[in-house]
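Colleague: Below is a structure I'd like to ask you about.
Residue numbers (the working numbering): 2 to 485.
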């Protein structure tokens, strides 16, 4: 451009065939057979209004536990210790109609809540909320219209009391469709003569929710299923802070360098710094029980002088974990990676192994000394990801019996065996972490703070599974009319 001359022509595409256009047109008109059939539930998902449709919710619950929606089918169960258990989660392939496995069983395995005041009156406050109290036993009935929207459906939990008698916890779980105005996919073309191409689809999801009030804190657990095969597992924290008294009514009264172990929230009230860790146990069955764990590391690759106008690029390198220690993961921002659970015996049309990947969002890791007694009990928080071979006795990350335990039977202990995990029935463990330095806005009751992680298809489908989802039109929404 500087000289106004053609300096050099490079064509390195000679001999490369042009890819076929089949199944690449994303426009609704090109994907609507107009035969009135429902392609396994995907095509007819609509963006619901705030009012329920006359025909009822867009999902079904059979036998009180089996949920079916938009190609998904899974079983919900209330458990005294884990709270909400999702099992036998399968998704229907939109191309073939085959029902394909994803998760055999998923649940919150343990919650570790250490408070950061080492004084005598507080040093013991390092709780295991599932193993010591029962996450499900502390679940409270959900409040319609406030905990769950109007069109939600509810499930009860049935537990055994200390005297051996069964009792019912009503409305412990709710299930509902969620539409928050998000977009599932979209694209618009730059103006083309005679053509107006603007395509978008609403993101509608299905949520299974429970809420547990463990003493002062409330935990909201959502399992959110998307039409594209993704599962989002989210934990929300609310409730009342654990506080301690103080003679101070203003920060100018605090002696210099005095350690309060928290924040002055109000006159004579300190909110103590603490952590929350929620460890999930995910028994993965990706297209079958025999799976492998793959870490895909991303790193800078430098180019040689004269090789390229670029000095560097990002290179992805796959590593298949052979044993448990190979699969331990501590997340690092500047050492990025993807974490796949694949079925090496099942391949896509072009030869990629089918899989799901765990996608972390905001989380936190423990800063406690590994030899600190509370951290030895909560050693399952030493890593964000662990992978173990399935063992029916290894369900609770803090051990089967956690009262006065010393860390001798935890996920960290099991993983030390370094068992083979390649092409095995795998259990993936993921820990969501929160560091909480209280602030005045958290008092007297705390606005919900949430974090999540995703289980996302990776080469699981042959193409975008919601390509043929129809757009929502005004005529699809319920018509509300006043009655006399």
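Positions of the beta carbon are idealized from the N, C-alpha and C atoms, including for glycine.
Spatial neighbours of residue 426 within its chain, please: CB distance less than 6 Å, with the 5 preceding and 5 following residues excluded, ordered by chain position.
Modeller: For residue 426, where only same-chain residues beyond five positions count, the Cβ hits under 6 Å are 290, 391.
Colleague: When burial is assigned at 16 or more other CB atoms within 10 Å of the CB, is residue 367 buried or exposed?
Modeller: It counts as buried.
Colleague: By alpha-carbon positions, which one of 236, 374, 127 ends up nearest to residue 117?
Modeller: Answer by Cα proximity: 127.
Colleague: Going by the beta-carbon positions, is the gap between residue 143 and residue 212 smaller than 8 Å?
Modeller: Yes.
Colleague: For residue 252, name the three-state secondary structure that DSSP assigns.
Modeller: DSSP places residue 252 in helix when its eight states are reduced to three.
Colleague: So, at 8 Å on beta carbons, what are the nonlocal neighbours of residue 68 in its own chain, with the 5 sequence-adjacent residues on each side left out?
Modeller: Result list for residue 68: 60, 61, 62, 74, 75, 76, 77, 176, 207, 209, in chain order.
Colleague: Please list the segments of the alpha helix (DSSP H) lying wholly inside the segment 271-312, counting only runs of 4 or more residues, in order along the chain.
Modeller: Taking only runs of at least 4 residues, no alpha helix (DSSP H) segment lies wholly in the segment 271-312.
Colleague: Is the beta carbon of residue 322 less than 8 Å from the beta carbon of residue 111?
Modeller: No, the Cβ-Cβ distance between residue 322 and residue 111 is not below 8 Å.
Colleague: For the candidate residues 345, 415, 454, whose alpha-carbon lies nearest to that of residue 424?
Modeller: Taking only the C-alpha atoms, the option nearest residue 424 is 345.
Colleague: Output the distance between the C-alpha atoms of residue 226 and residue 437, rounded to the nearest integer angstrom.
Modeller: Taking the straight line joining both Cα atoms gives about 28 Å.
Colleague: For the structure I just gave you, are there three or more beta carbon pairs, one from the segment 238-252 and one from the segment 265-276, closer than 8 Å?
Modeller: Cβ pair count under 8 Å is three or more, so yes.
Colleague: For the candidate residues 163, 180, 365, whose alpha-carbon lies nearest to that of residue 153?
Modeller: It is 180 whose Cα lies nearest to the Cα of residue 153.
Colleague: Tell me, to the nearest whole angstrom, how far the beta carbon of residue 1 is from that of residue 299; I am working on the premise that it is less than 8 Å.
Modeller: Since the first residue of the chain shown is 2 and the last is 485, residue 1 is not available in this structure.
Colleague: Three-state secondary structure (DSSP) at residue 416?
Modeller: If DSSP states are grouped into helix, strand and coil, residue 416 belongs with the helices.
Colleague: Rounding to the nearest angstrom, what Cα-Cα distance links residue 52 and residue 151 in this structure?
Modeller: Note that residue 52 scores 49 on pLDDT, short of 50, meaning its location in the model is unreliable and no value can be drawn from it.
Colleague: Pick helix, strand or coil for residue 1, following the three-state DSSP scheme.
Modeller: Because the chain spans 2 through 485 in this model, residue 1 falls outside it and cannot be assessed.
Colleague: Return the first residue and the last residue of the beta strand (DSSP E) that residue 136 is part of.
Modeller: Run containing residue 136: none; DSSP gives neither H nor E here.
Colleague: Identify which residue in 172, 417, 411 has its Cα closest to the Cα of residue 146.
Modeller: Among 172, 417, 411, the Cα nearest to that of residue 146 belongs to 172.
Colleague: If you reduce the DSSP assignment to three classes, tell me which class residue 132 lands in.
Modeller: Residue 132 falls in the helix class under three-state DSSP.
Colleague: Per DSSP, residue 100 forms a beta bridge with which residues?
Modeller: In DSSP, residue 100 forms a bridge with 93.
Colleague: So what does residue 170 bridge to, in DSSP terms?
Modeller: 158.
Colleague: Applying the 10 Å Cβ sphere with the 16-neighbour rule, what's the burial state of residue 38?
Modeller: Any reading at residue 38 is ruled out, since the residue's pLDDT is 49, under 50, leaving its predicted position unreliable.
Colleague: May I have the straight-line CA-CA distance separating residue 419 from residue 389, to the nearest angstrom?
Modeller: Those two C-alpha atoms are separated by around 9 Å.
Colleague: Determine the extent of the beta strand (DSSP E) in which residue 210 is found, giving its start and end residues.
Modeller: Residue 210 -> beta strand (DSSP E) spans 206-215.
Colleague: Roughly how many angstroms lie between the CA atoms of residue 27 and residue 417, to the nearest whole one?
Modeller: The predicted model places residue 27 with a pLDDT of 48, which falls under 50 and marks its position as unreliable; any figure quoted below should be read in that light. Using only the alpha carbons, I get a separation of about 49 Å.
Colleague: By a C-beta neighbour count over all protein chains shown, 10 Å radius and 16 as the cutoff for buried, is residue 431 buried or exposed?
Modeller: The residue in question, residue 431, is buried, as its Cβ has 16 or more Cβ neighbours within 10 Å.
Colleague: Ends of the beta strand (DSSP E) at residue 187?
Modeller: Taken as a continuous stretch (DSSP letters only), the beta strand (DSSP E) holding residue 187 covers 184-189.
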